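Trainee: These protein sequence lines map, in sequence, to chains L and Z. Under the UniProt record's numbering, the very last position in the first sequence is 75; numbers go up by exactly one each time. Under the UniProt record's numbering, the very last position in the second sequence is 668; numbers go up by exactly one each time. No residue lacks a Cβ here, since even glycine has one placed at the ideal position from N, Cα and C. Small disclaimer: the values here were computed from a predicted structure and weren't measured.
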Amino acid sequence: MTLSELEKGLQARIIDLSNISPLVRRRLLDLGILEGSIIRLIHRLPLRGAFALEVNHQEFGLRYAEAKRIEVEVV
Amino acid sequence: MKSIALAGNPNTGKTSLFNMLTKSYEYVGNWTGVTVEKKIGKLKSGDAELIDLPGIYSLNPLSKDEGISINYLMNESPSTIINIVDGSLLERNLNLTIQLLEYGKPLLIGLNMVDIAKSRGIRIDQKKLARLLGVPVVPIIARTGSGCDEILEQLGQSASSSTFQIDYGEIIEEAISEIDDRLDADLPYHHRWLAIQFLEGNHVVKDKLSAWIPEKDLNEMYNRTEKKIKDTGESHTLPSYIYKVRNERIKSIIGEAVYVESKSATNWTEKIDRVLLNRFLGIPLFLAVMYLVFQFTFDWLGSPISDQLDGFLSGPASDGLTWLLTFCGASSFIKSVVLEGIISGVGGVLVFVPQIFILFFFISWLEDSGYMARIALLMDRLMSSVGLNGKAFIPMIIGFGCNVPGIMAARTIEHPKERLLTILLSPLMSCSARLTVYALFAAAFFNSHQSLIVLSLYVLSIVTALLLAKLFSSTFLKHEDQSAFVIELPPYRVPQWRILLRSTWEKGKGFVRKAGTFIFGGSVVIWLLSYAGPSGFDVEMNQSFLAIIGNAIALLFDPIGFGNWQAGASLLTGFLAKEVVVSTMNIIYMTPDDTALQGVLGQYFTSLQAYSFMAFTLLYVPCLATVAVIKKETMSKKWTWFSIVYALVIAYVISLVIYQGGRLLGFH
Ligand SMILES: Nc1nc2c(ncn2[C@@H]2O[C@H](COP(=O)(O)OP(=O)(O)OP(=O)(O)O)[C@@H](O)[C@H]2O)c(=O)[nH]1
Ligand SMILES: [Mg+2]
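1) Hey, would you say residue 599 of chain Z sits closer than 8 Å to residue 569 of chain Z, going by beta carbons?
2) Could you tell me whether any Cβ in chain L is nearer than 8 Å to the Cβ of residue 269 of chain Z?
3) Does the beta carbon of residue 486 of chain Z sit closer than 8 Å to a beta carbon anywhere in chain L?
4) Measuring from the CB of residue 34 of chain Z, is there a heavy atom of ligand 2 at a distance below 7 Å?
5) Check distances from the C-beta atoms of the stretch 232-251 of chain Z to those of chain L and list, in chain order, the residues that come in under 7 Å.
6) Determine which residues of the stretch 56-80 of chain Z have a Cβ less than 7 Å from any Cβ of chain L, and write them out in chain order.
7) Could you list the residues in the stretch 7-26 of chain L with a C-beta less than 7 Å from some C-beta on chain Z, going in chain order?
8) With a threshold of 7 Å, establish whether the CB of residue 67 of chain Z neighbours any heavy atom of ligand 1.
9) Would you kindly work out how many angstroms separate the C-alpha atoms of residue 334 of chain Z and residue 345 of chain Z, rounded to a whole number?
10) Step through the CB atoms of chain Z and report whether any lies within less than 8 Å of the CB of residue 162 of chain L.
11) Can we count residue 28 of chain Z as close to ligand 1, meaning its CB is less than 7 Å from some heavy atom?
12) Taking 6 Å as the limit between beta carbons, can you name the residues of its chain near residue 465 of chain Z, skipping five residues before and five after?
13) Just to confirm, are residue 321 of chain Z and residue 338 of chain Z a CB contact at a threshold of 8 Å?
14) Of the residues that make up the stretch 25-51 of chain L, which ones have a beta carbon closer than 8 Å to any beta carbon in chain Z?
15) Return no unless some Cβ of chain L is closer than 8 Å to the Cβ of residue 224 of chain Z.
16) Tell me whether residue 113 of chain Z counts as near ligand 1, meaning its Cβ is closer than 7 Å to at least one heavy atom of that ligand.
17) With hydrogens ignored, establish whether the beta-carbon of residue 326 of chain Z is closer than 7 Å to any heavy atom of ligand 1.
18) So that I know if they touch, is there some Cβ in chain Z lying closer than 8 Å to that of residue 59 of chain L?
19) Give me, in chain order, the residues of the same chain whose beta-carbon lies closer than 6 Å to that of residue 419 of chain Z; leave out the 5 immediate sequence neighbours on both sides.
20) Report all residues from its chain with a CB closer than 6 Å to the CB of residue 123 of chain Z; omit the five preceding and five following residues, and keep chain order.
21) Can we count residue 15 of chain Z as close to ligand 2, meaning its CB is less than 7 Å from some heavy atom?
22) Drop a sphere of 10 angstroms on the beta-carbon of residue 623 of chain Z, count the other beta-carbons inside from all chains shown, and report buried for 16 or more, exposed for fewer.
23) Decide if the stretch 626-645 of chain Z is in contact with the stretch 471-481 of chain Z; the criterion is three or more beta carbon pairs, one per stretch, under 8 Å apart.
24) Let me make sure I understand the geometry here. Which of Z:586, Z:548, Z:484 has the alpha-carbon closest to that of residue 388 of chain Z?
25) Say whether chain Z places a C-beta atom closer than 8 Å to the C-beta of residue 62 of chain L.
26) Just to confirm the assignment: which complete alpha helix (DSSP H) runs, minimum length 4, are found wholly within the stretch 456-543 of chain Z?
27) Less than 8 Å between the beta carbons of residue 114 of chain Z and residue 141 of chain Z, yes or no?
28) For a contact defined as C-beta to C-beta under 9 Å, what are the partners of residue 434 of chain Z on chain L?
29) Give the secondary structure of residue 392 of chain Z by DSSP, where H, G and I count as helix, E and B as strand, and everything else as coil.
30) For the stretch 370-421 of chain Z, list the alpha helix (DSSP H) runs that are entirely contained and at least 4 residues long, ordered along the chain.
31) Is there a C-beta anywhere in chain L that falls below 8 Å from the one on residue 273 of chain Z?
32) Take residue 666 of chain Z as the anchor and find which of Z:651, Z:606, Z:650 has the nearest alpha-carbon.
33) Just to confirm the assignment, what range does the beta strand (DSSP E) spanning residue 13 of chain L have?
34) For residue 368 of chain Z, verify whether its CB is less than 7 Å away from any heavy atom of ligand 2.
35) On a Cα-Cα basis, can you pick out the residue from Z:654, Z:534, Z:588 that is closest to residue 618 of chain Z?
36) Does DSSP put residue 165 of chain Z in a helix, in a strand, or in coil?
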């Protein structure tokens with residue numbers, strides 16, 4: 001499933017980041033987020049707005065369009 | 001003199017430490033990308049200069065502010081680097097630390113945010129960490145200044161470079177030595193560092209290397225090495241392989257030096273976000289916050305204080321000055337310059353100091369709380385639909401204080417076209433200087449709904465900016481390529497009074513200084529222009545040069561509701577700085593204070609005309625300082641002119657709609 005389908009409060013492991021734009025991938029890597037990272041959905045803004053997520057005690061925001069391209073599996 | 005550079009991830013407290021260690025003060029805030037320029041300060045002890053740099057995650061820059069840090073390290077050689085590391089996010093921060101160790105200059109680690117780390121149950125054995133990395137590690141709390149003495153002490157000792165090295169595996173090591181062989185021995189950089197950065201895809205380093213090794217060879221070497229790595233099946237790309245190796249080492253370092261007690265402290269940040277980022281409440285709450293800010297700035301706190309100040313300036317202060325001038329036997333000319341020119345012009349603006357400081361206080365509070373990044377997140381949906389980025393909202397809010405730092409803040413926006421768009425539209429944000437005009441007119445014409453009227457102008461500025469963003473981004477600033485929106489949401493912090501007051505003062509200081517210099521000089525010139533005319537001095541105001549100039553453009557303003565020469569002259573001088581509109585009006589209408597001016601304005605403007613005038617002042621051109629910074633940031637004459645011309649056009653169109661539309665609806 002993709003990150004955009006993850007339910008609020010649940011955790012998932014990232015399995016594939018290869019479909020997102022290189023710029024976003026680089027920024028995620030800057031935050032230490034890569035394949036294998038455990039990610040948790042904190043909030044989801046309405047109308048396909050941004051997502052608030054958490055990895056390693058660090059909150060960050062991402063667009064719906066990017067979250068849709070990130071492959072995850074619930075853990 | 002020795003130069004010491006501060007480097008580290010964004011929002012880790014570099015500038016906080018800079019402010020503690022030097023005599024200067026720079027801008028601090030709780031989001032990533034507050035510092036966007038290189039800032040130099042002198043250590044309090046006076047024997048070295050400290051350089052504050054924009055935050056970076058790695059030495060490979062994506063945005064303009066990051067480029068500044070990397071260029072500094074490439075081109076100017078600091079004698080020591082203080083690497084500020086966020087102790088609560090150690091794993092991520094060490095990625096940069098290792099690159100800085102490889103860079104090879106003497107390094108000192110300032111282990112910051114130890115208070116937060118502790119509250120999360122993270123205990124860092126700093127001695128062990130220092131041994132594993134081969135450099136001194138000093139735990140600090142930059143916000144309170146704890147540990148700063150030790151930093152200074154360490155700086156005093158002779159520093160040597162670390163011998164820390166990572167073995168990147170046979171394939172990479174081979175490529176490193178291949179590059180090493182082809183470089184001259186006496187380069188000012190560590191060959192190994194250059195090679196690793198190049199293999200990691202750092203384009204700044206690649207440019208540098210191509211001075212010594214032909215680009216063709218570099219590309220060939222890169223592709224060959226990348227292919228070998230791919231064949232091993234360990235990674236798809238070179239950068240990700242290097243990242244992995246480095247990360248394994250970081251994990252092992254952390255395993256040895258960091259202990260985590262599972263402590264279930266309440267996560268306040270998440271609790272607060274549950275409300276502030278709520279699906280339905282998020283945006284209404286943001287608007288409510290802004291409304292409260294304006295209530296405080298005008299109705300509740302600002303205007304009452306301003307009125308008192310106005311009473312004092314026009315009463316005791318100017319009476320006293322009149323007495324003093326008479327006592328000194330000043331000529332009537334001097335008396336006129338001082339009382340009709342300077343007191344009216346400068347005093348008329350100074351009266352608004354309370355409102356402006358209150359507004360700045362709240363902006364500082366927003367900046368230090370951590371809410372800014374959330375606002376960007378909330379707004380991203382709306383902003384992306386007009387071709388902007390949620391991050392562009394941060395420059396806009398800063399622009400409510402002053403457009404100049406707002407435009408600078410756009411440096412953190414990675415996509416060049418989005419950044420340009422943000423720069424072009426930021427001047428539409430209603431800055432504190434324009435607030436003087438609203439405060440004057442709102443009090444004169446809309447006494448019972450002051451903050452509502454002012455809020456409507458702020459909304460007008462944002463709506464206009466968004467509509468224009470849509471227009472520009474779907475015509476000549478079209479971009480197909482994906483933009484990036486990844487934003488860190490830092491933990492909320494309770495702003496400290498000390499920081500809040502300092503940061504309010506630093507912002508407001510500029511306004512007071514402008515009143516003492518620019519507006520002072522401007523007032524004298526404007527008064528002279530109103531005092532002199534073709535027929536000589538001390539002419540009837542309507543025969544003065546100022547009236548002639550104002551009349552020349554008044555005709556143009558007739559359709560939008562204020563075709564009198566006074567309005568024309570005020571707007572013309574307002575290009576210098578928007579407060580000058582108020583100064584000029586005070587001088588022209590020969591009123592001793594703003595209360596009297598409010599009375600006089602009623603004879604020249606109707607309420608509808610007044611609103612049209614406020615809207616025009618809001619939009620019509622960026623002030624002189626803003627134009628200069630647009631020129632600097634876009635590095636283009638064309639875009640600078642464009643920002644002036646489009647603003648004039650849009651201001652005219654909107655005022656026309658307001659005035660003519662209002663008349664049709666029966667307002668006057
Ligand atoms: N709790 C805590 N907060 C800190 C500490 N040091 C700094 N801060 C806060 O962290 C935030 C960021 O501080 P800055 O000094 O602006 O950080 P910076 O590294 O210069 O950030 P950029 O310029 O964006 O790279 C501010 O809100 C500070 O008050 C600390 O030791 N503990
Ligand atoms: Mg800073």
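Mentor: According to the data block:
1) Cβ atoms of residue 599 of chain Z and residue 569 of chain Z: not closer than 8 Å.
2) With respect to chain L, the C-beta atom of residue 269 of chain Z has a partner C-beta closer than 8 Å.
3) Any Cβ of chain L closer than 8 Å to the Cβ of residue 486 of chain Z would place that residue at the interface, and such an atom is present.
4) Residue 34 of chain Z: yes, Cβ under 7 Å from ligand 2.
5) So the close ones are 243.
6) For the stretch 56-80 of chain Z, which is checked against every Cβ of chain L, the residues closer than 7 Å are 57, 58, 62.
7) Contacts with chain Z (Cβ-Cβ distance below 7 Å) from the stretch 7-26 of chain L involve 21, 23, 24, 26, listed in chain order.
8) The nearest non-hydrogen atom of ligand 1 is 7 Å or more from the C-beta of residue 67 of chain Z.
9) Residue 334 of chain Z and residue 345 of chain Z have their C-alpha atoms spaced approximately 15 Å apart.
10) This structure does not reach residue 162 of chain L, given that chain L is present from 1 up to 75, and the question cannot be answered.
11) Correct: residue 28 of chain Z has its Cβ closer than 7 Å to ligand 1.
12) The answer, listed in chain order, is 425, 428.
13) Yes, the Cβ-Cβ distance between residue 321 of chain Z and residue 338 of chain Z is below 8 Å.
14) The stretch 25-51 of chain L vs chain Z, Cβ under 8 Å: 26, 27, 28, 29, 30, 31, 32, 34, 42, 43, 44, 45, 46, 47, 48, 49, 50.
15) No Cβ of chain L is located within less than 8 Å of the beta carbon of residue 224 of chain Z.
16) Because some heavy atom of ligand 1 lies under 7 Å away, the Cβ of residue 113 of chain Z counts as near it: yes.
17) Placement of the Cβ of residue 326 of chain Z at a distance of 7 Å or more from every heavy atom of ligand 1 is found.
18) Closer than 8 Å to some Cβ of chain Z, the Cβ of residue 59 of chain L qualifies, so yes.
19) For residue 419 of chain Z, where only same-chain residues beyond five positions count, the Cβ hits under 6 Å are 410, 413.
20) Hits under 6 Å: 259.
21) Yes, since a heavy atom of ligand 2 falls inside the 7 Å radius drawn around the Cβ of residue 15 of chain Z.
22) Under the 10 Å beta carbon count, residue 623 of chain Z is surrounded by 16 or more other beta carbons and is classified as buried.
23) The stretch 626-645 of chain Z makes no contact with the stretch 471-481 of chain Z: fewer than 3 CB pairs, one atom from each, lie closer than 8 Å.
24) Cα-wise, what sits closest to residue 388 of chain Z is Z:484.
25) Judged by the 8 Å Cβ criterion, residue 62 of chain L is in contact with chain Z.
26) Whole alpha helix (DSSP H) segments, 4+ residues: 497-516, 518-531.
27) With a cutoff of 8 Å on beta-carbon distance, residue 114 of chain Z and residue 141 of chain Z are scored as near each other.
28) In chain order: nothing, as chain L lies at least about 31 Å away.
29) Secondary structure of residue 392 of chain Z (DSSP, three-state): helix.
30) Here the runs fully enclosed are 371-385, 393-401, 403-409.
31) With 8 Å as the cut-off, residue 273 of chain Z counts as an interface residue toward chain L.
32) Looking at the Cα atoms, Z:606 is the closest of the given residues.
33) Segment 11-16, the beta strand (DSSP E) holding residue 13 of chain L.
34) Checking every heavy atom of ligand 2 against the Cβ of residue 368 of chain Z, none is found closer than 7 Å.
35) Nearest of Z:654, Z:534, Z:588 to residue 618 of chain Z, Cα basis: Z:654.
36) In the structure shown, residue 165 of chain Z sits in coil (DSSP, three-state: anything other than H, G, I, E or B).
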